[in-house]
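K.L.:
Dropping the structure here:
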């Protein structure tokens, strides 16, 4: 009995390691390919995804308190459809006053267009422009370019206001 | 007669476009169809080699376009099958020697005399690809179960979908290695089909016979025993409209594999 048990355990161990090794190569290929194709199809580079993630964190923080580092943003494919999957670990819901305060703070920000934020944007711009320029032409891309143009306009404004 | 113009393309080089072209063309001709193959890979022609016709070429597609000969004069007849013709690419010119309009025009003219016009497309997505696709209404996208080939096939499918003239495209998965798939070291046919979400027209196993058949200038569909040859013949039958099941490549072949299978069966019982 003991021997038989031992035999099974040893056999099981080898089967397991075998299986683990087997799964890796093909599944790695498939998963890497899925990610890269999603980027190819949408023209969303990892940098743009990270930017989107940051902007979403900023936006959602006004309404809920969440684990900012754990927010996950992924493109997933289900058949022909591509979906943007967002997973947000909420720590707690903010109460009315906090939300109000956050929104008011933002309104003020918009009016003043604080210099700090705009400095950041000017820093971001050259990078993103490069990314967009290197991509092939597509509808999505054009949208992206529109975005960056808007940002350039914004940053131009800041430069002007800075000069003034 | 109004022939079907099918472009055979892949994006990535070296996945077997030209081999696929030579074999499907030969198989269609053997099935009694009148077939002409156009090599549009100007400057890098190879279809003539695979068919063993390299010494018979007098005029090329560039001679036709530049009106040094009639279209019919430039068609090279196959050694064995009078139903099969080749319009060769020029080896000394580049992709700009023929335009999209000129290729469209050639395809239109050939449609009247042939059942099938197979266009061999160069690798890449530049002008050579645009030219090759110009006259076609159907496409076969050749890929292999490798990441780079699948990625490029996805790009090509995107470009084909944007072309109004292309009414349908089918996927052909080449160089499938059942042993590697079995040991999970290669993406399976299902994986590739799922990732690209395209209809399948053929699964061709990796076959060393392809190398020897290229050496001889004799397409492998002429070899009755070859599994790849059978698979290509099946592709041709599917193109004609027959309902042919895909070959079962997973089934072990040969004595050693059978013995292995027997022992793995015993192991299973021990459990």
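Residue numbers (the numbering used here), protein chains in the order written: chain A, 1 to 164; chain B, 1001 to 1271.
Where is the CB? At the ideal position from N, CA and C, for every residue including glycine.
Just to confirm, is the Cβ distance from residue 1078(B) to residue 1008(B) under 7 Å?
P.N.:
Going by C-beta atoms, residue 1078(B) is not nearer than 7 Å to residue 1008(B).
K.L.:
Strictly below 9 Å CB to CB, what residues from chain A border residue 1190(B)?
P.N.:
Under the 9 Å cutoff, chain A gives no residues; its nearest Cβ is about 11 Å from residue 1190(B).
K.L.:
For residue 1219(B), report the span of its alpha helix (DSSP H) as first-last.
P.N.:
Premise fails: residue 1219(B) is in no alpha helix (DSSP H) and is neither H nor E.
K.L.:
Could you tell me which residues DSSP puts in a beta bridge with residue 92(A)?
P.N.:
DSSP, once it has assigned bridges, lists 65(A) as partnering residue 92(A).
K.L.:
Assuming residue 1239(B) and residue 1084(B) form a contact by the criterion Cβ under 8 Å, report the distance between their Cβ atoms to the nearest whole angstrom.
P.N.:
The pair is not a contact, with the Cβ atoms about 15 Å apart (cut-off 8 Å).
K.L.:
State yes or no: is the beta carbon of residue 33(A) nearer than 7 Å to at least one beta carbon in chain B?
P.N.:
It does; some Cβ of chain B falls within 7 Å.
K.L.:
Along the chain, where does the beta strand (DSSP E) containing residue 1009(B) start, and where does it finish?
P.N.:
Residues 1004-1009.
K.L.:
Please check the pair residue 1152(B) and residue 1089(B), which I expect to be a contact at CB under 8 Å, by giving their CB distance rounded to whole angstroms.
P.N.:
Not really, about 21 Å apart at Cβ, beyond 8 Å.
K.L.:
Cα separation between residue 1167(B) and residue 1135(B)?
P.N.:
Taking the straight line from one Cα to the other gives about 12 Å.
K.L.:
Taking beta-carbon pairs under 9 Å, can you tell me which members of the region 1140-1159 of chain B lie near chain A?
P.N.:
Here the close residues are 1145, 1146, 1147, 1150, 1151, 1154, 1155 and 1158.
K.L.:
When the distance is taken between beta carbons, is residue 1115(B) closer than 7 Å to residue 1182(B)?
P.N.:
The answer is no: Cβ separation not under 7 Å.
K.L.:
Given that a residue counts as buried once 16 or more other Cβ atoms are within 10 Å of its Cβ, and exposed if not, what is residue 43(A)?
P.N.:
Buried, by the Cβ-count rule.
K.L.:
Helix or strand or just coil, what does DSSP make of residue 56(A)?
P.N.:
Residue state, collapsed to three classes: helix.
K.L.:
In angstroms, rounded to a whole number, what distance separates the CA positions of residue 1211(B) and residue 1122(B)?
P.N.:
Between residue 1211(B) and residue 1122(B), the C-alpha separation is close to 20 Å.
K.L.:
Three or more C-beta pairs closer than 8 Å, one from the region 1195-1212 of chain B and one from the region 1047-1056 of chain B: is that the case here?
P.N.:
Cβ pair count under 8 Å is below three, so no.
K.L.:
For residue 1216(B), does the count of other Cβ atoms within 10 angstroms reach 16, so buried, or fall short, so exposed?
P.N.:
When all chains shown are included, residue 1216(B) counts as exposed.
K.L.:
Consider the Cβ of residue 54(A): report whether some Cβ of chain B lies at a distance smaller than 7 Å.
P.N.:
It does not; no Cβ of chain B falls within 7 Å.
K.L.:
Does the count of Cβ pairs from the region 1140-1147 of chain B and the region 1157-1176 of chain B closer than 8 Å reach three?
P.N.:
At 8 Å Cβ cutoff, the stretches touch.
K.L.:
Within 7 Å (strictly less), CB to CB, does residue 1185(B) reach chain A?
P.N.:
Closer than 7 Å: yes.
K.L.:
What do you reckon, are the CB atoms on residue 1236(B) and residue 1024(B) nearer than 7 Å?
P.N.:
Cβ atoms of residue 1236(B) and residue 1024(B): closer than 7 Å.
K.L.:
Using alpha carbons as the reference points, say which of 102(A), 77(A), 45(A) and 112(A) lies closest to residue 58(A).
P.N.:
When each option's Cα is compared against that of residue 58(A), the closest is 102(A).
K.L.:
Are residue 1031(B) and residue 1219(B) closer than 7 Å when you measure CB to CB?
P.N.:
In this structure, residue 1219(B) does not lie closer than 7 Å to residue 1031(B) by Cβ.
K.L.:
Below 8 Å on the Cβ atoms is my contact criterion, and I expect residue 1164(B) with residue 1130(B) to pass it. Report the Cβ-Cβ distance as a whole number of Å.
P.N.:
So it is not a contact: roughly 14 Å between Cβ atoms.
K.L.:
Strictly under 7 Å for the Cβ-Cβ distance: is residue 83(A) near chain B by that measure?
P.N.:
Not closer than 7 Å to any Cβ of chain B, the Cβ of residue 83(A) fails to qualify, so no.
K.L.:
Do you know how far the Cα of residue 107(A) is from the Cα of residue 1132(B)?
P.N.:
In a straight line, the C-alpha of residue 1132(B) is about 57 Å away from that of residue 107(A).
K.L.:
Is residue 1073(B) helix, strand or coil when you go by DSSP?
P.N.:
Three-state DSSP puts residue 1073(B) in a helix.
K.L.:
Could you name the residues that DSSP lists as bridge partners for residue 77(A)?
P.N.:
In DSSP, residue 77(A) forms a bridge with 82(A).
K.L.:
Under 7 Å between the Cβ atoms of residue 1035(B) and residue 1057(B)?
P.N.:
No, these two residues do not count as a Cβ contact at 7 Å.
K.L.:
According to DSSP, is residue 1274(B) part of a helix, a strand, or is it coil?
P.N.:
Past the edges of chain B, shown from 1001 to 1271, lies residue 1274(B), and the structure says nothing about it.
K.L.:
Report the three-state DSSP secondary structure of residue 1169(B) (helix, strand or coil).
P.N.:
Looking at residue 1169(B) - three-state DSSP - the assignment turns out to be strand.
K.L.:
Along chain B, in chain order, which residues have C-beta atoms closer than 8 Å to that of residue 102(A)?
P.N.:
Ordered by position in chain B, no residue passes the 8 Å Cβ test against residue 102(A), which lies about 42 Å from the chain.
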